[in-house]
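Residue numbers (the numbering used here): 751 to 984.
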């Protein structure tokens with residue numbers, strides 16, 4: 751009985767010391783680890799926000815990206831033109847219901863993309879030559895979703911200039927609005943927009959019987975853009 755009482759007294763004497771030791775040693779270590787973890791999470795979030803804000807750039811003034819009257823946009827359409835540095839341009843027109851693709855036969859004669867006015871100065875202008883592809887009918891929900899997604903990205907174009915000497919320029923237009931991207935870095939929002947654009951461009955030149963897989967890719971890019979907007983928009 752006395753041994754049990756002594757053990758209890760010892761426990762009562764040691765317990766406060768253990769609590770003090772915990773407060774002095776364990777708690778600061780735990781707090782430091784928590785601060786480190788919070789700093790890492792804040793850094794990760796800051797990087798995600800920076801990538802989200804690296805989106806489309808506004809065009810420098812009014813841009814007629816092809817200079818081809820036959821490819822002028824109809825009301826409600828989005829026009830996308832893709833200018834590789836060393837190849838003929840291509841692109842498409844997107845409506846709620848269909849995609850109409852086109853591709854240049856050669857680079858000669860096309861207006862240069864934004865910021866590249868010097869490219870064709872030394873070349874005698876020729877009439878641009880191009881070919882068109884049969885319109886690709888889209889499921890209405892998919893066409894509307896893609897159209898509204900790209901319009902929203904054009905509306906929110908506010909990134910700083912980033913053009914280099916080569917690469918690929920992407921010009922997106924509707925009504926009197928215009929935005930562009932130049933070879934965006936992986937992970938940026940502009941890169942994901944260009945991913946959607948490239949998929950739509952492929953779809954605009956694809957046999958309708960083989961289009962189902964590309965429909966899924968279009969939906970995937972749209973879903974990724976929307977997810978980022980929900981999580982990271984100001």
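Think of the CB as a built atom: it goes at the ideal place given N, C-alpha and C, for glycine as much as any other residue.
*Roughly how many whole angstroms lie between the Cα atoms of residue 783 and residue 790?*
11 Å
*What are the boundary residues of the alpha helix (DSSP H) that includes residue 950?*
939-954
*Of all the options 936, 826, 934, 835, which has the alpha carbon lying nearest to the alpha carbon of residue 927?*
826
*How do the segment 970-980 and the segment 834-845 stand: do at least 3 beta-carbon pairs fall below 8 Å, yes or no?*
no
*How do the segment 795-802 and the segment 880-889 stand: do at least 3 beta-carbon pairs fall below 8 Å, yes or no?*
no
*Cβ neighbours of residue 847 in the same chain (closer than 8 Å, five flanking residues each side left out)*: 887, 888, 890, 893
*Cα-Cα, which of 901, 965, 936, 908 is closest to residue 830?*
901
*So with Cβ pairs under 9 Å, would you call residue 909 a contact of chain B?*
The chain inventory of the structure shown lacks chain B, comprising one protein chain alone.
_I'd like to know whether the C-beta atoms of residue 946 and residue 899 end up nearer to each other than 9 Å._
yes
*Applying the criterion that 16 or more other CB atoms from any shown protein chain within 10 Å of the CB defines a buried residue, is residue 962 buried or exposed?*
exposed
*Euclidean distance between Cα positions of residue 953 and residue 882*: 13 Å
*May I ask you to report which of helix, strand or coil DSSP gives residue 852?*
strand
*What's the C-alpha gap between residue 922 and residue 929?*
5 Å
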